[in-house]
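In this note's numbering, the protein residues as written are 831 to 1362. Ideal placement from N, C-alpha and C gives every residue a C-beta, glycine not left out. One structure is given below, encoded as structure tokens.
As structure tokens, then:
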């Protein structure tokens, strides 16, 4: 008896996992569609968590850099006081700031690797692209760092700091990376003009007792004038740099006004060798730069004096002009890609699945042959037009798959919507989590339009499938919790879509109760939306 009991127990233990698995599958099959399909967002959950973790880390580092910059500026101002004789505190704060900046620049965790070329570029340990955008507000902090270094260099050398200066190069082993980008360097130069204007006013305040006040203000005026002329060579598009640039001319005006007022007040600074008021025999004119010969400023003379690193500035301009060309190429290509993606959706609503499939393949070819090449050279161009194309493409291919599954061989001849929702890894193109979620939310609008078409022929079963699909997406987004900013705006339309579909089901049920004919099986529906 004991043997039989033991043998029976072994049999039950053996078949228990099979029974459990079978029961689980049966239960899963019996669940509503909107519950069974909620697993397609689990793939990007880890990516969203990693992205959020990186952004929080970058935000913390931004605060650390901000605090370090404030401390070093305070130490510098304290060292400028006449009574100050100890520079140790300033040296200590500058070393701390330089170390923090170097660590930030060399860490891949503080960059947004948005190339998405399928090479695992979302991993924290992946090497960041040289032009990868910085996360959070780190780029602004790097501008402030360039601003401080440029001002310190002006005080010691009297000219503009070169973009290739040692403080702008971070090295660790064989790895070398520019501390500031071209845009951050130019932003630092613009902010330097603000500091020079304040510096000029501060020095002019002590012109009575300071024999070098007027020459110092003149030098600041000359640097600001040169920076302004340098910036005029650039074609700044609407953006942060353009807005900062617009205020530079007012800083030049401030310094010119200070010099004019000092001249009227008779302040010569006590230094006749460097005072234009006493050596040139003529008054300084407001808003008019004069050289030693009394003529307009010759920029070539300033170039020869080394006030501005013209060769390196010219190289920056060439690189930025090239990026503008890339941007124009990308915008043109994106216009074609977005048109094809939109037309594929229209074709699906018309039932022209062959054309829809061809249009989606056109977008894939355009991305792989043209857009990805530009993106690998200049990753910052991904945001905007390119993200819009990919979002539209995700919407199109997900709508195609929702209607026909992956039945591409026969052009999607199935009469019944597959209701399959592609996971990110099942998409032919690599997209970001925000692009995927954007396309997914937009898919609900197309599903709603499909439901209206089925509702006009009283196909209640198809409308019910549409409602379950949109509920599935709505619930999956709720489970994910925090979503990218742009996705939150799309959820209002999703909620409205679910409410409209529920109302449609109710109206079709009323029709059924009144004895009117209602299609109860999708396979027997009189209209084949997905067929050729």
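Just verifying my parser: in three-state terms, what is the DSSP assignment at residue i?
{"i": "residue 1289", "result": "strand"}
{"i": "residue 854", "result": "Reliability of the predicted coordinates at residue 854 is poor, the pLDDT of 38 falling under 50, and the value obtained from them is presented with this limitation in mind. Helix at residue 854."}
{"i": "residue 1249", "result": "coil"}
{"i": "residue 1262", "result": "coil"}
{"i": "residue 1175", "result": "helix"}
{"i": "residue 1036", "result": "coil"}
{"i": "residue 1144", "result": "helix"}
{"i": "residue 1323", "result": "helix"}
{"i": "residue 1344", "result": "coil"}
{"i": "residue 1160", "result": "helix"}
{"i": "residue 1131", "result": "Unreliable positioning characterises residue 1131 in this predicted model, as indicated by a pLDDT of 37, which lies under 50. A coordinate reading is not provided."}
{"i": "residue 959", "result": "coil"}
{"i": "residue 1312", "result": "coil"}
{"i": "residue 1041", "result": "coil"}
{"i": "residue 1097", "result": "coil"}
{"i": "residue 1112", "result": "Unreliable positioning characterises residue 1112 in this predicted model, as indicated by a pLDDT of 43, which lies under 50. A coordinate reading is not provided."}
{"i": "residue 1026", "result": "helix"}
{"i": "residue 1137", "result": "coil"}
{"i": "residue 1208", "result": "coil"}
{"i": "residue 1318", "result": "helix"}
{"i": "residue 1278", "result": "helix"}
{"i": "residue 1226", "result": "helix"}
{"i": "residue 1363", "result": "No statement about residue 1363 is possible, as the shown extent of the chain runs from 831 to 1362 and does not include it."}
{"i": "residue 1257", "result": "coil"}
What's the C-alpha gap between residue i and residue j?
{"i": "residue 1341", "j": "residue 1310", "result": "38 Å"}
{"i": "residue 1228", "j": "residue 1326", "result": "20 Å"}
{"i": "residue 958", "j": "residue 1299", "result": "38 Å"}
{"i": "residue 1343", "j": "residue 1169", "result": "44 Å"}
{"i": "residue 1322", "j": "residue 1183", "result": "30 Å"}
{"i": "residue 1065", "j": "residue 941", "result": "27 Å"}
{"i": "residue 903", "j": "residue 1097", "result": "30 Å"}
{"i": "residue 920", "j": "residue 1040", "result": "24 Å"}
{"i": "residue 979", "j": "residue 1279", "result": "58 Å"}
{"i": "residue 1303", "j": "residue 1328", "result": "10 Å"}
{"i": "residue 1201", "j": "residue 1164", "result": "8 Å"}
{"i": "residue 937", "j": "residue 880", "result": "15 Å"}
{"i": "residue 905", "j": "residue 918", "result": "9 Å"}
{"i": "residue 1262", "j": "residue 990", "result": "40 Å"}
{"i": "residue 987", "j": "residue 1094", "result": "29 Å"}
{"i": "residue 1269", "j": "residue 901", "result": "46 Å"}
{"i": "residue 1199", "j": "residue 1217", "result": "16 Å"}
{"i": "residue 1223", "j": "residue 1179", "result": "15 Å"}
{"i": "residue 877", "j": "residue 1264", "result": "10 Å"}
{"i": "residue 1085", "j": "residue 1027", "result": "6 Å"}
Counting only the same chain and skipping the five closest in sequence on each side, list residues whose C-beta sits under 7 Å from that of residue i.
{"i": "residue 926", "result": "898"}
{"i": "residue 965", "result": "884, 885, 888, 940, 941 and 942"}
Buried or exposed: residue i, going by 16 or more other Cβ atoms within 10 Å of its Cβ?
{"i": "residue 913", "result": "exposed"}
{"i": "residue 884", "result": "buried"}
{"i": "residue 1312", "result": "exposed"}
{"i": "residue 985", "result": "exposed"}
{"i": "residue 1002", "result": "exposed"}
{"i": "residue 859", "result": "In this prediction, residue 859 has a pLDDT of 39, which is less than 50 and means its spatial position is unreliable; what the coordinates show is noted afterwards. Exposed, by the Cβ-count rule."}
{"i": "residue 875", "result": "exposed"}
{"i": "residue 1234", "result": "buried"}
{"i": "residue 1336", "result": "exposed"}
{"i": "residue 1036", "result": "exposed"}
{"i": "residue 1293", "result": "buried"}
{"i": "residue 1006", "result": "exposed"}
{"i": "residue 1284", "result": "buried"}
{"i": "residue 1032", "result": "exposed"}
{"i": "residue 1204", "result": "buried"}
{"i": "residue 1077", "result": "exposed"}
{"i": "residue 1025", "result": "buried"}
{"i": "residue 1144", "result": "exposed"}
{"i": "residue 1212", "result": "buried"}
{"i": "residue 981", "result": "buried"}
{"i": "residue 1338", "result": "buried"}
{"i": "residue 1319", "result": "exposed"}
{"i": "residue 1372", "result": "Because the chain is modelled from 831 through 1362, residue 1372 falls outside the range shown and cannot be assessed."}
So, for residue i: in the same chain, excluding its five sequence neighbours on each side, which residues have a beta-carbon less than 6 Å away from its beta-carbon?
{"i": "residue 974", "result": "899"}
{"i": "residue 1231", "result": "1250 and 1252"}
{"i": "residue 977", "result": "1018, 1021 and 1022"}
{"i": "residue 909", "result": "917 and 920"}
{"i": "residue 1185", "result": "1177"}
Once you ignore the five residues that flank residue i on each side, which residues in its own chain have a CB closer than 8 Å to its CB?
{"i": "residue 1368", "result": "Shown here, the chain extends from 831 to 1362; a query on residue 1368 therefore has no answer."}
{"i": "residue 1154", "result": "1065 and 1067"}
- Query: Taking the runs of the beta strand (DSSP E) that are 3 residues or longer, which of them lie wholly in the segment 963-1023?
  - Reply: Taking only runs of at least 3 residues, the beta strand (DSSP E) segments lying wholly in the segment 963-1023 are 999-1002 and 1005-1008.
- Please go through the segment 871-943 and give each complete alpha helix (DSSP H) segment of 4 or more residues, from N-terminal end onward. Taking 4 residues as the shortest admissible run, the segment 871-943 contains the following complete alpha helix (DSSP H) segments, listed from N- to C-terminal end: 872-909 and 918-936.
- Item | Contained alpha helix (DSSP H) runs [length at least 4] in the segment 1047-1080, N- to C-terminal order | Whole alpha helix (DSSP H) segments, 4+ residues: 1070-1076.
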